[in-house]
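Residue numbers (the working numbering): 61 to 240.
Quick look at the structure:
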């Protein structure tokens, strides 16, 4: 995983330019490729680090993803060093949110874990990110959330079976009175 100011600047240039490209195809693994998520002991509980950026809708999406991962046997890592995979749920509507998302992606790439990037930044700039962000092992567009686990499975050399996504279930990460 590279992490230079030039790489960050190149990604910012790509997501700041107006895109005239056709709609992106469904998400596919990019970057580092097909190495397994869990090095060593396959019986060990896989751990996920999670970063959620942006609006309350993004938080709800993050909660649903975390719920699905937990139901599939993943544990939520208390820190990124202990994670097997890190998911960054991005925002990409205003310049400051794009910058925060890209900075966070580069920060998470420093941990040398499987890096999955999803959210609005990916939705809006999939082609540009696929071309300019090799730090990401997987880019997942919003419409691919129901297939997220099949996409993660493609990264996992053990090919574990993963159950369908249920978008109505989620782990609530805020006080119950503020959940959407």
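By construction, the Cβ of each residue, glycine as well, lies at the ideal position given by its N, Cα and C atoms.
Keep in mind that this is a model prediction, so the values were computed, not measured.
When the distance is taken between beta carbons, is residue j closer than 8 Å to residue i?
i           : j           : result
residue 181 : residue 108 : no
residue 179 : residue 118 : yes
residue 185 : residue 121 : no
residue 197 : residue 215 : yes
Using the Cβ count rule (16 or more neighbours within 10 Å means buried), how would you classify residue i?
i           : result
residue 201 : buried
residue 158 : buried
residue 195 : buried
residue 144 : buried
residue 156 : exposed
residue 203 : exposed
residue 69  : exposed
residue 161 : buried
At the level of alpha carbons, what is the spacing between residue i and residue j?
i           : j           : result
residue 174 : residue 148 : 11 Å
residue 106 : residue 135 : 6 Å
residue 189 : residue 139 : 26 Å
residue 192 : residue 146 : 19 Å
residue 71  : residue 131 : 34 Å
residue 128 : residue 168 : 21 Å
residue 102 : residue 133 : Residue placement at residue 102 is flagged as unreliable, the pLDDT there being 48, under the threshold of 50; the coordinate-derived value follows with that caveat. Approximately 12 Å between the Cα atoms of the pair.
residue 123 : residue 212 : 17 Å
residue 125 : residue 67  : 28 Å
residue 86  : residue 141 : Its pLDDT being 40, under 50, residue 86 is placed unreliably by the model, and the measurement read from it follows with that caveat. Distance between the alpha carbons of residue 86 and residue 141 is about 30 Å.
residue 65  : residue 110 : 24 Å
residue 177 : residue 183 : 10 Å
Would the C-beta of residue i count as close to the ligand SAM, meaning under 7 Å from any of its heavy atoms?
i           : result
residue 146 : Of ligands this structure carries none, so the ligand SAM is not represented either.
From the beta carbon of residue i, is the nearest beta carbon of chain C less than 8 Å away?
i           : result
residue 177 : The structure shown contains no chain C, having only a single protein chain.
Item to check | Meets three-Cβ-pair contact criterion under 8 Å: the region 110-119 and the region 151-165 | outcome: Yes, the region 110-119 touches the region 151-165.
Checklist entry - Could you give the uninterrupted runs of the beta strand (DSSP E) lying entirely in the region 115-202, keeping only those of 3 residues or more? => result Runs found: 145-150, 174-179 and 198-200.
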